[in-house]
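Going by this note's numbering, the sequence shown opens with residue 722, and the numbers climb by one from there.
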Amino acid sequence: MPCCGVPHLFDASPARRPLWPNRVRCLVIGESPGVPGAAYFYEPVPSSRTDPIELRRYMLAALAEEGLIERPSLEAFAKAGFALDHVIRCQLPSQMIAVERKAAVQYGSRRAAAADHLPPLIGQAERIWVVGQLARNAVVSLHPEVRAQIKLTPPYSVGDRFFVSRYPNRFAAPQARSIARDLGQFLAGC
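What follows is the structure, given as structure tokens:
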């Protein structure tokens, strides 16, 4: 049983399996899969309305606009070698995530430091896109040598494996495209 007593969507969702690439070109590490009951990143995008998952909507659109994926879809995301997992796999109330995010600013998130599911995924991925403070905290906990290269204002690269950014959906579409453009330069330069 997982840490929260409920099966994690990463493990339980049948939608993720066919959308996980055989060769992970870029592992996206996000913070959490949302509040209990929230739609999951790998669940099918509803065709009848706007995608309810803001991160997916902004990320896929920006990646497609920058030519990193063929079109803004989960299938194109996987075909281009992108995969996504979260530091915290539990769906937790937003107040709990806010507490962890605040602690992560000073690398003090207990949950981020305990992300023992990430090392095998990081080991398999060619490049890692670290999105948000909790993801940054987890990467520094797993790879303390990168802490000296962390900057105050993302986006930026850390060595030739890690690209650190804020969440693309926390800004207007031009900022999301700017993050995707920087990511594209990072992926091309390595």
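From the three backbone atoms N, C-alpha and C, an ideal C-beta is built for every residue, glycine too.
Note that the structure is a prediction, hence the values are computed from the model and not measured.
I'd like to know if the stretch 844-851 and the stretch 819-836 are in contact, where contact means that at least 3 CB-CB pairs between them fall below 8 Å. no
Quick check: what's the CA-CA separation for PRO735 versus GLU796? For the purposes of this step, residue 735 is identified with residue 14 of the sequence shown, where counting begins at 1. For the purposes of this step, residue 796 is identified with residue 75 of the sequence shown, where counting begins at 1. Rounded to the nearest angstrom, the two C-alpha atoms are 14 Å apart.
Would ASN858 and GLU775 qualify as a contact pair, given that the criterion is a beta-carbon distance under 8 Å? As a first step, residue 858 is located in the sequence shown; it is residue number 137 there, counting from the start. As a first step, residue 775 is located in the sequence shown; it is residue number 54 there, counting from the start. Going by C-beta atoms, ASN858 is not nearer than 8 Å to GLU775.
MET722 to ARG737 span [Cα, whole Å]: Numbered from 1 along the sequence shown, position 1 holds the residue referred to as residue 722. Numbered from 1 along the sequence shown, position 16 holds the residue referred to as residue 737. Because the pLDDT of MET722 is 41, which lies under 50, any placement of that residue in the model is unreliable, and the question is left without a value.
Spell out the partners DSSP gives HIS807 in its beta bridges. As a working mapping, residue 807 is identified with position 86 in the sequence shown. Listed as beta-bridge partners of HIS807 by DSSP are GLY751.
Is there at least one non-hydrogen atom of the ligand FMN closer than 7 Å to the beta-carbon of CYS747? Summarising the ligand content, the structure contains no ligands, and the ligand FMN is consequently not present.
Tell me the DSSP bridge mates of PHE883? Locating residue 883 in the sequence shown gives position 162, counting from the first residue. DSSP output for PHE883 lists ILE849, VAL879 as bridge partner(s).
For TYR888, which residues in the same chain have their Cβ closer than 7 Å to its Cβ, ignoring the five residues on either side in sequence? Here the question's residue 888 lines up with position 167 in the sequence shown. Cβ neighbours of TYR888 beyond the five flanking positions: LEU776, VAL852, GLY853.
What separation, rounded to the nearest whole angstrom, lies between the Cα atoms of PHE762 and ARG746? Here residue 762 is taken as the residue at index 41 of the sequence shown, counted from 1. Here residue 746 is taken as the residue at index 25 of the sequence shown, counted from 1. Approximately 18 Å, taken between the alpha carbons.
Between the C-alpha atoms of GLU821 and GLY755, what's the straight-line distance to the nearest angstrom? Along the sequence shown, read from residue 1 onward, the residue named residue 821 stands at position 100. Along the sequence shown, read from residue 1 onward, the residue named residue 755 stands at position 34. When the Cα atoms are used, GLU821 and GLY755 turn out to be separated by approximately 13 Å.
In the DSSP assignment, find the alpha helix (DSSP H) that holds ALA858 and state where it starts and stops. Here residue 858 refers to the residue found at position 137 when the sequence shown is read from its first residue. Sequence inspection shows Asn at residue 858; the Ala mentioned does not correspond to that position. Element bounds for ASN858: 854-863.
Just reading off the alpha helix (DSSP H) that GLU671 is part of, what are its end residues? For residue 671 there is no data in the structure shown, the boundaries of the chain being 722 and 911.
Please check if any C-beta of chain C sits within less than 8 Å of the C-beta of PRO728. The structure shown has no chain C; it contains just one protein chain.
Pull up the CB-CB distance for LEU839 and LEU805, whole angstroms please, since I reckon it's below 8 Å. In the sequence shown, counting from the first residue as 1, residue 839 sits at position 118. In the sequence shown, counting from the first residue as 1, residue 805 sits at position 84. About 12 Å; that fails the 8 Å criterion.
If you drop the 5 nearest sequence neighbours on each side, which residues of the same chain put their C-beta closer than 6 Å to that of LEU740? Mapped onto the sequence shown, residue 740 falls at position 19. TYR763, LEU795, ALA799, listed in sequence order.
Inter-residue CB distance, ALA801 and ILE818 (contact presumed, cutoff 8 Å): As a first step, residue 801 is located in the sequence shown; it is residue number 80 there, counting from the start. As a first step, residue 818 is located in the sequence shown; it is residue number 97 there, counting from the start. Contact flag wrong, Cβ pair sits at about 28 Å.
Close-in-space but distant-in-sequence residues of the same chain around GLU787 (CB under 6 Å, 5 per side omitted): Along the sequence shown, one-based indexing puts residue 787 at 66. So the list reads ALA901, ARG902, GLY905, once near-sequence residues are dropped.
Just verifying my parser: in three-state terms, what is the DSSP assignment at GLN906? Here the question's residue 906 lines up with position 185 in the sequence shown. Annotated three-state conformation of GLN906 is helix, per DSSP.
Residue environment, GLY758, which counts as buried when at least 16 other CB atoms sit within 10 Å: As a first step, residue 758 is located in the sequence shown; it is residue number 37 there, counting from the start. Burial call: exposed.
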